[in-house]
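Participant: First the structure, which I've put down as structure tokens, then a few questions once you've had a look.
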Amino acid sequence: MFEKHSVANQKRRWENTPWHAKQYYPAYKSLEVGLYNGRTPIEILVLVWEIGREEGLNYVYLGNVMGHHYENTYCPHCDELLITRYGFDVVGCHLTSEKKCPACGAAIAMK
Numbered sequence: 087m088f089e090k091h092s093v094a095n096q097k098r099r100w101e102n103t104p105w106h107a108k109q110y111y112p113a114y115k116s117l118e119v120g121l122y123n124g125r126t127p128i129e130i131l132v133l134v135w136e137i138g139r140e141e142g143l144n145y146v147y148l149g150n151v152m153g154h155h156y157e158n159t160y161c162p163h164c165d166e167l168l169i170t171r172y173g174f175d176v177v178g179c180h181l182t183s184e185k186k187c188p189a190c191g192a193a194i195a196m197k
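All residue numbers for the sequence shown refer to this note's numbering, where the first residue is 87 and numbers rise by one.
Now the structure itself:
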């Protein structure tokens, strides 16, 4: 029983920590040093995103995948789109002035 309680507390401690899963892409001379010469497949990144959410992380993002919907911020309670991003730019913010979800009213853990 203690072990289950401890694991649950650890998950709650980290649930609002942003987790960024970035796509690998080959850089200059990557083949010469024995690195993989291809990008991480989108399917793998989506799987990583899904695992993060299933494990209780509220803010999981994909990086280096311009225009993918998983680079945005969604409400962890109702999945409403809250912040729209393109690359590293914020192109839309739909939070209320109190930093709440406009759809369900949940407080969003953002500064």
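C-beta: ideal position from N, C-alpha, C; glycine also.
Count the other CB atoms, across all protein chains shown, that sit within 10 Å of the CB of Ile194; report buried if there are 16 or more and exposed otherwise.
Facilitator: Taking the sequence shown and counting its residues from 1, the one referred to as residue 194 is at position 108. It is buried - the Cβ of Ile194 has at least 16 other Cβ atoms within 10 Å.
Participant: If we ignore side chains and look at the alpha-carbon of each, how far apart do Pro188 and Ser116 end up?
Facilitator: Your numbering for residue 188 matches position 102 in the sequence shown. Your numbering for residue 116 matches position 30 in the sequence shown. Roughly 45 Å separates the two Cα atoms.
Participant: Helix, strand or coil for Arg171, going by three-state DSSP, please let me know.
Facilitator: Taking the first residue of the sequence shown as position 1, residue 171 is located at position 85. Reduced to three states, the DSSP call for Arg171 is strand.
Participant: Hey, Arg171 and Glu157 are a contact pair by Cβ (cut 8 Å); roughly how many whole angstroms apart?
Facilitator: Here residue 171 refers to the residue found at position 85 when the sequence shown is read from its first residue. Here residue 157 refers to the residue found at position 71 when the sequence shown is read from its first residue. Right, the Cβ-Cβ distance comes to about 5 Å (below 8 Å), so this counts as a contact.
Participant: Is Gly138 close to the ligand GDP? I mean its beta-carbon at under 7 Å from any heavy atom of the ligand.
Facilitator: The ligand GDP is not part of the structure shown, which contains no ligands of any sort.
Participant: Return no unless some Cβ of chain C is closer than 8 Å to the Cβ of Glu141.
Facilitator: Of the chains in the structure shown, none is chain C; there is only one protein chain.
Participant: Between the Cα of Val132 and those of Asn144, Lys108, Ile169, spot the shortest distance and give me the residue it belongs to.
Facilitator: For the purposes of this step, residue 132 is taken as the residue at position 46 of the sequence shown. Of Asn144, Lys108, Ile169, the residue nearest in Cα terms is Lys108.
Participant: Where does the unbroken alpha helix (DSSP H) through Val134 begin, and where does it stop?
Facilitator: Counted from its first residue, the sequence shown places residue 134 at position 48. Residues 128-140.
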